[in-house]
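Protein chains in written order, with our numbering: chain A, 18 to 131; chain B, 66 to 176.
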């Protein structure tokens with residue numbers, strides 16, 4: 018069974034550009050969550066999607082957005098990139114939304130903004 | 066809001082036991098997790114414990130929960146160089162589907 022796949026693995030963008038990251042969850046998983054990981058802030062929750070609907074949102078500006086498709090694949094978009102957006106972006110998928118469901122993480126996309 | 070605290074670094078000698086500590090503030094935490102992140106990789110769930118349990122053992126891993134003090138620990142017996150990684154503590158409260166993570170403890174295992 019394939020794990021969570023995130024593409025691309027590495028990305029370099031310049032300030033002001035926009036970027037789209039992709040996450041393919043484990044087959045059959047319907048919940049996808051996104052996290053930003055930085056050395057200073059640790060793991061910060063961005064948003065969660067379930068059945069194509071955003072169910073939870075973290076405390077990030079509107080430049081950060083996402084969506085989920087009918088096949089549960091998810092994308093996140095960051096517009097008007099800032100240097101501080103440089104981070105490892107992690108996606109996690111889970112079968113459902115219950116508290117006892119395990120979240121499986123992808124390897125992440127390393128975004129560098131220059 | 067919820068807060069999860071961990072020390073940033075732990076250095077141990079190969080073969081010794083490692084104990085990684087975590088404290089949390091949300092008294093309604095229902096599930097508490099330990100994740101491992103190796104360099105260049107995502108997070109891997111190591112183990113979890115329900116809030117109504119005191120201890121859980123899984124091979125070399127022992128999780129201890131002191132609910133009164135809101136303190137969680139992960140003990141790794143016979144620590145190996147392959148255990149070098151960042152270990153994240155996380156908690157999920159009854160009202161949320163989203164876990165709150167600590168900042169991670171970097172475990173360094175030296176010969």
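Even for Gly, the Cβ is constructed at its ideal location relative to N, Cα and C.
Source: prediction; values computed, not measured.
* Alpha-carbon spacing of residue 89 of chain B relative to residue 136 of chain B, whole angstroms -> Locating residue 89 of chain B in the second chain gives position 24, where the first residue counts as 1. Locating residue 136 of chain B in the second chain gives position 71, where the first residue counts as 1. Each residue's alpha carbon lies about 7 Å from the other.
* To do: Starting from the N-terminal side, write out each stretch of the beta strand (DSSP E) that is 3 residues or longer and does not extend beyond the stretch 56-100 of chain A.
  => 59-67, 70-74, 81-85, 91-95
* Where does residue 90 of chain B fall in DSSP's three states? -> Your numbering for residue 90 of chain B matches position 25 in the second chain. In this structure, residue 90 of chain B counts as coil in the three-state DSSP scheme.
* Could you check what DSSP says for residue 144 of chain B in three-state terms: helix, strand or coil? => The residue labelled residue 144 of chain B in the question sits at position 79 within the second chain. Of the three classes helix, strand and coil, the one that applies to residue 144 of chain B here is coil, per DSSP.
* To do: Excluding the 5 residues preceding and the 5 following residue 96 of chain A in the sequence, name in chain order all residues of the same chain whose CB lies nearer than 6 Å to its CB.
  => Sequence index remark: in the first chain, residue 96 of chain A carries index 79 (1-based). Answer for residue 96 of chain A: 35, 80, listed in chain order.
* To do: Take the Cβ of residue 165 of chain B as the centre, count every other Cβ of all protein chains shown within 10 Å, and call the residue buried at 16 or more, exposed below.
  => Numbered from its first residue, the second chain carries residue 165 of chain B at position 100. By the 10 Å Cβ count, residue 165 of chain B comes out buried.
* Asked: With respect to the beta strand (DSSP E) encompassing residue 131 of chain B, which residues constitute its N-terminal and C-terminal limits?
  -> Taking the first residue of the second chain as 1, we reach residue 131 of chain B at position 66. Note, residue 131 of chain B: beta strand (DSSP E), 126-131.
* Say the cut is 7 Å; is the CB of residue 100 of chain B nearer than that to a heavy atom of the ligand SAH? -> Looking at this structure, you won't find the ligand SAH or any other ligand, since it has none at all.
* In chain A, what lies closer than 9 Å to residue 167 of chain B by C-beta? -> Residue numbering aside, residue 167 of chain B sits at position 102 when the second chain is read from its first letter. Those are 59, 60, listed as they occur along chain A.
* Assumed close pair residue 112 of chain B, residue 126 of chain B - CB separation to whole angstroms, cut-off 8 Å -> Reading the second chain from its first residue, position 47 is the one you call residue 112 of chain B. Reading the second chain from its first residue, position 61 is the one you call residue 126 of chain B. Yes, they are in contact, since the Cβ atoms of residue 112 of chain B and residue 126 of chain B sit about 6 Å apart, within 8 Å.
* Asked: What is the C-beta distance between residue 52 of chain A and residue 62 of chain A, in whole angstroms, given that I count them as a contact (C-beta under 8 Å)?
  -> Within the first chain, residue 52 of chain A is the residue found at index 35, counting from 1. Within the first chain, residue 62 of chain A is the residue found at index 45, counting from 1. Going by Cβ atoms, the distance from residue 52 of chain A to residue 62 of chain A rounds to 6 Å, so yes, they are a contact pair.
* Asked: Taking the alpha-carbon positions, what's the residue 86 of chain B to residue 118 of chain B distance?
  -> In the second chain, counting from the first residue as 1, residue 86 of chain B sits at position 21. In the second chain, counting from the first residue as 1, residue 118 of chain B sits at position 53. Computed Cα separation, rounded: 17 Å.
* For the beta strand (DSSP E) containing residue 35 of chain A, list its first residue and its last residue. => For this step, residue 35 of chain A is matched to residue 18 along the first chain. Careful: residue 35 of chain A lies outside any beta strand (DSSP E) and carries neither H nor E.
* Asked: Under 8 Å between C-beta atoms, does residue 133 of chain A make it to chain B?
  -> Given a span of 18 to 131 for chain A in the structure shown, any question on residue 133 of chain A remains unanswerable.
* Can residue 71 of chain B and residue 169 of chain B be called in contact, C-beta distance under 8 Å? -> Indexing the second chain from 1 puts residue 71 of chain B at position 6. Indexing the second chain from 1 puts residue 169 of chain B at position 104. Cβ distance < 8 Å, so residue 71 of chain B and residue 169 of chain B count as in contact.
* To do: Please report the residue range of the beta strand (DSSP E) in which residue 155 of chain B lies.
  => Along the second chain, read from residue 1 onward, the residue named residue 155 of chain B stands at position 90. Looking at the DSSP string, the run of the beta strand (DSSP E) that includes residue 155 of chain B is 150-158.
* Proximity winner among B:175, B:114, B:103, B:128, relative to residue 157 of chain B (alpha-carbon distances) -> Taking the second chain and counting its residues from 1, one reaches residue 157 of chain B at position 92. Nearest option by C-alpha distance: B:114.
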